[in-house]
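Here the sequence shown stands for residues 23 to 325, where the numbers follow the working numbering. Notes for the one structure printed next.
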Amino acid sequence: MDGGGLSGAERRVWAALPAGTRAALAGLPAADLRTLLLTVARDRAATVQPADVLRRWREDRFVRPSDVDPRALARVEARLWELLPADVAGVELSPVAPLGTCTAVAPVSQHRIVTTMRGTEVVSDPTNTLAVEAAVRRRRGDEVHLAAVHRVLRAQDFGPGTSAHFRLFTLVSSARDAGSGRTEARLLVRHLAWWHRVLADLAASAWPRLHVTVLDRVVGERLADTVRPALTAEGITVHDEPERQRGRGYYTGAAVRLTLHAGSLEIGDGGGTDWTARLLGDAKERCLVSCLATERLVTGVNG
């Protein structure tokens with residue numbers, strides 16, 4: 023194997039091992055690799071002392087508890103469930119997903135995901151995981167609308183004062199393409215109208231806003247002639263955000279953001295994806311995902 027795509031640290035580690043080690047490990051059957059890694063983990067765990075656990079608890083950003091009051095968080099999340107339309111099915115996700123759940127359908131690095139030794143990964147984005155469940159259900163019937171709330175864990179360092187884990191309330195809708203961006207428009211109206219209702223109910227005093235970025239000409243046309251008129255009729259304002267760069271190449275059709283304090287605090291994100299289309303091998307499938315960070319909502323409203 024060549025060293026293309028390896029970081030400096032990775033190249034250093036592999037260079038210190040006997041030639042062919044990387045290829046040999048990569049070529050092991052999954053069960054054998056799992057056995058090997060579990061043996062190493064067992065040996066390392068056997069050397070851990072109570073003082074080591076306490077030190078890691080203080081220093082490791084992956085394990086430190088959240089600073090948010092769990093009672094306030096539970097009240098907010100209970101209200102979110104109450105506000106959901108009756109046709110949205112709730113899903114209680116597993117803490118882990120199959121290895122590659124994110125990278126198989128989206129342009130993200132596995133290094134940003136906490137990988138386990140058992141061929142799984144800790145859920146880092148419930149929209150991806152919920153899209154897999156939506157694809158499974160789409161095989162059995164009509165369009166699917168799912169919701170989940172989940173504590174995610176991400177490997178990348180977000181900087182001082184931030185946590186590696188946080189809770190996300192997630193919506194995923196999957197339906198058949200009706201042509202000319204009509205399905206995308208209908209799903210956008212559905213998601214944006216619901217998030218407006220949520221923010222009006224839980225964060226009216228925190229100057230909430232909905233933002234949209236057009237990523238496709240056809241969806242842009244439907245935004246103008248279908249989405250905006252439908253939302254305006256309900257008294258809902260959506261702010262254009264053409265300058266947005268984050269999410270381009272990740273979302274398709276349109277991307278959305280949820281903010282507080284007149285746009286200065288982002289609490290939610292989403293957009294169209296091709297995930298169910300790729301999972302099902304059917305280009306006519308359409309999928310819209312969106313999520314809200316419930317801890318950010320609590321702190322953004324309560325200061």
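Beta carbons: idealized from backbone N, C-alpha and C, even for Gly. All of these numbers come straight from a predicted model, not from anything done at the bench.
Measure the alpha-carbon distance for residue 59 versus residue 139 and round it to whole angstroms.
6 angstroms
Examine the Cβ distances between the stretch 208-228 and the stretch 170-181 and report whether three or more of them are shorter than 8 angstroms.
no
Own chain, CB closer than 6 angstroms to residue 166, minus 5 neighbours either side, in chain order: 156, 159, 160, 196
Using a Cβ distance threshold of 8 angstroms, determine whether the stretch 143-154 contacts the stretch 94-106, with at least three qualifying pairs required. no
Exercise for the section: Over the uninterrupted alpha helix (DSSP H) stretch that includes residue 74, give me the two end residues. Expected result: 72-81
- Query: Alpha carbon to alpha carbon, what distance is there between residue 104 and residue 124?
  - Reply: 29 angstroms
Exercise for review: Classify residue 312 as helix, strand or coil using the three-state DSSP reduction.
Suggested key: strand
Taking only beta-carbon positions, decide if residue 228 is within less than 8 angstroms of chain B.
No chain B is part of this structure, which consists of one protein chain only.
Using the Cβ count rule (16 or more neighbours within 10 Å means buried), how would you classify residue 131?
exposed
Since residue 307 sits in a beta bridge, which residues does DSSP pair it with? 198
Spatial neighbours of residue 297 within its chain, please: CB distance less than 6 angstroms, with the 5 preceding and 5 following residues excluded, ordered by chain position.
127, 153, 309
Three-state secondary structure (DSSP) of residue 190:
strand
**Request:** Determine, using beta-carbon pairs with one atom in the stretch 205-217 and one in the stretch 239-251, whether at least three such pairs fall under 8 angstroms.
**Result:** yes
**Prompt:** Based on Cα-Cα distance, which residue from 51, 277, 257 lies nearest to residue 294?
**Reply:** 277
- Message: Measuring only from the beta carbon, is residue 246 closer than 7 angstroms to any heavy atom that is part of the ligand ADP?
- Response: With respect to the ligand ADP, the structure offers nothing, as it holds no ligand at all.
- Task: Leaving out five residues on either side along the sequence, give the residues of the same chain with a beta carbon under 8 angstroms from the beta carbon of residue 129.
- Result: 271, 272
Beta-carbon contacts of residue 170 that lie in its chain and below 6 angstroms, excluding the five residues immediately before and after
113, 115, 148, 152, 192
Mind checking whether residue 280 and residue 210 have CB atoms under 8 angstroms apart? no
**Report entry** Inside the stretch 217-289 only - alpha helix (DSSP H) runs reaching at least 4 residues
**Finding:** 239-244, 250-255
Alpha-carbon spacing of residue 107 relative to residue 172, whole angstroms:
19 angstroms
Subject >> Bridge partners - residue 179, DSSP secondary structure assignment >> reply: Paired residue(s): none; residue 179 is not in a bridge.
_Buried or exposed for residue 291, going by 16 or more other Cβ atoms inside 10 Å?_
buried
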